[in-house]
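Chemist:
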Amino acid sequence: MGKLKDFLNAIKPDALLLKGLTPGVTTEADIRGQMGTPETERTFEDGSKRFEYPRGPQGTSTYMVDIDARGKLVAVTQVLTAANFAKVRVGMTEDEVRRLLGKPGEVAVYRLKPETVWSWKWNEGGPSGDAFFNVHFDASGVVYTTSRSDIIRGH
22 MGKLKDFLNA IKPDALLLKG LTPGVTTEAD IRGQMGTPET ERTFEDGSKR
72 FEYPRGPQGT STYMVDIDAR GKLVAVTQVL TAANFAKVRV GMTEDEVRRL
122 LGKPGEVAVY RLKPETVWSW KWNEGGPSGD AFFNVHFDAS GVVYTTSRSD
172 IIRGH
């Protein structure tokens with residue numbers, strides 16, 4: 022039953038996924054019951070936690086859910102935004118980028134270059150609609166540049 026519930030949560034519209042979540046009131050158990058099992062769960066030294074919920078595999082949103090040391094919701098943040106992408110800096114590690122943006126929708130490894138490119142589909146807005154934000158890591162696993170690419174639709 023757990024896998025079925027996780028599947029249904031994965032395809033649940035965002036409005037239903039987030040409905041009724043109230044900072045300071047909603048508990049960790051409530052969050053798990055409503056949103057399912059997080060992709061990643063981080064526990065910090067002060068006892069607070071951050072759950073990662075990517076919507077996809079190629080969804081345009083990833084939610085970070087922050088929980089305080091008492092087990093109460095602090096905030097839910099959609100992290101696939103232009104403001105968050107602007108925080109990615111040359112020299113960041115893969116772990117730092119993952120903590121900021123969540124699990125990438127695609128990972129491409131180019132052995133001859135050598136580089137690894139992580140990509141997130143996001144809603145860029147305007148006439149272009151969805152696009153990819155790409156983070157390029159060098160052979161040592163640190164960011165050396167970022168890029169944007171269009172989503173090619175059928176002809």
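Counting with this note's numbering, you get residues 22 to 176 for the letters of the sequence shown.
For each residue, glycine too, the CB sits at the ideal point set by N, CA and C.
As the structure is a computational prediction, the values presented were derived from the model and not from experiment.
I'd like to know whether the C-beta atoms of L101 and T114 end up nearer to each other than 8 angstroms.
Modeler: Against a cut-off of 8 angstroms, the Cβ pair of T114 and L101 comes out as no contact.
Chemist: In terms of DSSP beta bridges, what is Y233 paired with?
Modeler: Here the chain has residues from 22 to 176 only, and residue 233 is not among them.
Chemist: My guess is that K93 and G57 are in contact by the Cβ rule of under 8 angstroms, so how many angstroms apart are they, rounded?
Modeler: Not confirmed; about 19 angstroms, so no contact.
Chemist: With 16 as the cutoff for other CB atoms within 10 Å, does K142 come out buried or exposed?
Modeler: Buried is the call here.
Chemist: Quick one: what does DSSP say V95 is sitting in, helix, strand or coil?
Modeler: It is a strand residue.
Chemist: A157 and V163 look like a contact to me (Cβ under 8 angstroms); what is the Cβ gap, rounded to whole Å?
Modeler: Just to set this straight, residue 157 is His in the shown sequence, not Ala. With a Cβ gap of about 10 angstroms, H157 and V163 do not count as contacting.
Chemist: Considering only C-alpha positions, which residue in the set P59, F28, F72 and Q99 is nearest to N144?
Modeler: Answer by Cα proximity: Q99.
Chemist: Please state the DSSP three-state secondary structure of D151.
Modeler: D151: strand per DSSP, three-state reduction.
Chemist: Taking DSSP as the reference, what is the three-state secondary structure of D171?
Modeler: Strand, per DSSP.
Chemist: So, with DSSP's three-state summary, where would you put K142?
Modeler: If DSSP states are grouped into helix, strand and coil, K142 belongs with the strands.
Chemist: DSSP three-state label for V130, please.
Modeler: Strand at V130.
Chemist: Does DSSP put H176 in a helix, in a strand, or in coil?
Modeler: Residue confidence for H176 is low, a pLDDT of 49 falling below 50, so the modelled location carries little weight and cannot support an answer.
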